[in-house]
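Have a look at the structure below before the remarks.
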Amino acid sequence: MSKENVKVIILAGGMGTRLKEETEFKPKPMVEIGGMPILLHIMKIYSHYGFNDFIIALGYKGNMIKNYFLNYLALNNDIEVDLKENKISFLTNDHEKFKVTLVDTGLNTMTGARIRKLKKYIGDSTFMVTYGDGVADVDIGKLYDYHKSHDKIATVTGVHPSSRFGELNIADQLVTDFREKPQVSGSYINGGFFVFEPEFFKYLDGDDTLTLERKPLEDVSSKGHLVIYKHEGFWKCVDTYKDYKELNEIYRKAAPWAVWEK
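First residue of the sequence shown: 48, per the working numbering; consecutive thereafter.
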């Protein structure tokens, strides 16, 4: 399967309650890092490696994300508006290769159920998933190739930050136990940047409270079908206002994840 045909789901529907200083007025993926929504940072990472077909799972304030992409060219270019002639001219040509499908997956829907609601847009092909609030200098091409080199249903990217995230127990590259937010930090945690085979939808039965990080991934790992892609580089998510400030400061100095700028 050609990489340009691989669909990338970005989970962008949560309320981001721990970042209320920003998310009271906008969805978390629209929080700006270096003057650009973190959602766009994530998409540019994938695009750098040839993945340009995105499905955005919307929820909280999803219309703001829809409006952003509907008005993308006007927001990201110099324009001339001739009111007399009712004419708009674009004076610059800043655009992306993205194809973006925007889907309302519900206000209070949990992560696993959001993915399940996108099945009709995925079909029977390998697909990728990540969160709309985290960036990393992950080589997405190598991640995809690594996943395809194993006869497994799912691959999760393991990263190394703080203990408030979900620990992965590992044996011979297989995730033997998927535990969300344990009391003791392990050496790797769930960093998002998943790759799934379409068989994964069999694990997504349930109602809108189905959480990706609980039963679906726990069941896949218990059957020996969840592989870890170990990422030793940069990873950070915007979970709190402190994270937001830190990530903006990192971007101001030198953003390790901004591979499209290198």
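Glycine residues also receive a C-beta, built at the ideal position from the N, C-alpha and C atoms.
- Backbone secondary structure at ASP290 - three-state DSSP: Indexing the sequence shown from 1 puts residue 290 at position 243. Here ASP290 carries a helix assignment [DSSP, helix/strand/coil].
- Item | Per-residue DSSP class, three states only, for TRP282 | Locating residue 282 in the sequence shown gives position 235, where the first residue counts as 1. Three-state result, TRP282: strand.
- Query: Of the choices ASP141, THR256, GLU296 and LEU251, whose alpha-carbon is the least far from that of ASP266?
  - Reply: For this step, residue 266 is matched to residue 219 along the sequence shown. Among ASP141, THR256, GLU296 and LEU251, the Cα nearest to that of ASP266 is on LEU251.
- Query: Which class does PHE247 belong to by DSSP, given the choice of helix, strand or coil?
  - Reply: Taking the first residue of the sequence shown as 1, we reach residue 247 at position 200. In the three-state reduction of the DSSP assignment, PHE247 falls in the helix class.
- Message: Suppose contacts are defined by Cβ-Cβ distances below 7 Å. Is GLY97 in contact with GLU51 by that definition?
- Response: Walking along the sequence shown from the start, residue 97 turns up at place 50. Walking along the sequence shown from the start, residue 51 turns up at place 4. Going by C-beta atoms, GLY97 is nearer than 7 Å to GLU51.
- Message: For TYR291, count the other beta carbons within 10 Å of its own beta carbon; 16 or more makes it buried, fewer makes it exposed. Which is it?
- Response: Translated into positions along the sequence shown, residue 291 becomes position 244. Buried is the call here.
- Ordered along the chain, which non-local residues of its own chain (more than five positions away) have a Cβ less than 7 Å from that of LYS30? In the structure as shown, the chain begins at 48 and stops at 309. Residue 30 is therefore absent and cannot be evaluated.
- Looking at the structure shown, is LYS134 part of a helix, part of a strand, or coil, going by DSSP? Taking the sequence shown and counting its residues from 1, the one referred to as residue 134 is at position 87. In the three-state reduction of the DSSP assignment, LYS134 falls in the strand class.
- Kindly indicate the opening and closing residues of the alpha helix (DSSP H) around LYS195. As a working note, residue 195 is residue 148 in the sequence shown. Note, LYS195: alpha helix (DSSP H), 187-195.
- Task: Would you mind reading off the limits of the alpha helix (DSSP H) that contains THR158?
- Result: Here the question's residue 158 lines up with position 111 in the sequence shown. Secondary structure note for THR158: its alpha helix (DSSP H) is the uninterrupted segment 158-163.
- Assign ALA121 to one of three DSSP states: helix, strand, or coil. For the purposes of this step, residue 121 is taken as the residue at position 74 of the sequence shown. Reduced to three states, the DSSP call for ALA121 is helix.
- Taking the continuous alpha helix (DSSP H) assigned at LEU86, which residues delimit it? Position 39 of the sequence shown, counted from the start, is the residue given in the question as residue 86. It spans 85-95 - the alpha helix (DSSP H) in which LEU86 sits, taken as one unbroken run.
- Message: Just verifying my parser: in three-state terms, what is the DSSP assignment at ILE200?
- Response: Along the sequence shown, read from residue 1 onward, the residue named residue 200 stands at position 153. Taken through DSSP and simplified to helix, strand or coil, ILE200 comes out as coil.
- Task: Thinking ILE102 and THR148 are a contact (beta carbons under 8 Å), I'd like their distance in whole angstroms, please.
- Result: The count along the sequence shown starts at 1 and reaches residue 102 at position 55. The count along the sequence shown starts at 1 and reaches residue 148 at position 101. ILE102 to THR148, Cβ: 5 Å. Contact.
- Query: Leaving out the 5 sequence neighbours to the left and right, which residues in its chain are closer than 7 Å to PHE116 when beta-carbon positions are compared?
  - Reply: If you number the sequence shown from 1, residue 116 lands on position 69. Taken in chain order, the residues that qualify are VAL147 and LEU149.
- Please name the residue or residues paired with VAL306 in a DSSP beta bridge. Translated into the one-based positions of the sequence shown, residue 306 becomes position 259. Paired residues: none, contrary to the question.
- Message: Give me the DSSP bridge partner(s) of LEU264.
- Response: Counting from one through the sequence shown, the residue named residue 264 turns up at place 217. DSSP lists no bridge partner for LEU264.
- Helix or strand or just coil, what does DSSP make of TYR235? Along the sequence shown, read from residue 1 onward, the residue named residue 235 stands at position 188. Three-state DSSP puts TYR235 in coil, outside helix and strand.
- Query: ASN124 to PHE241, Cα distance in whole Å?
  - Reply: Taking the first residue of the sequence shown as 1, we reach residue 124 at position 77. Taking the first residue of the sequence shown as 1, we reach residue 241 at position 194. A direct Cα-Cα distance of roughly 33 Å separates ASN124 from PHE241.
- Message: Rounded to the nearest angstrom, what separates ILE112 and VAL274 at their Cα positions?
- Response: Mapped onto the sequence shown, residue 112 falls at position 65. Mapped onto the sequence shown, residue 274 falls at position 227. Their backbone Cα atoms lie some 32 Å apart in a straight line.
- What did DSSP end up calling THR258 once you bin it into helix, strand or coil? For the purposes of this step, residue 258 is taken as residue 211 along the sequence shown, with counting starting at 1. Correct three-state label for THR258: coil.
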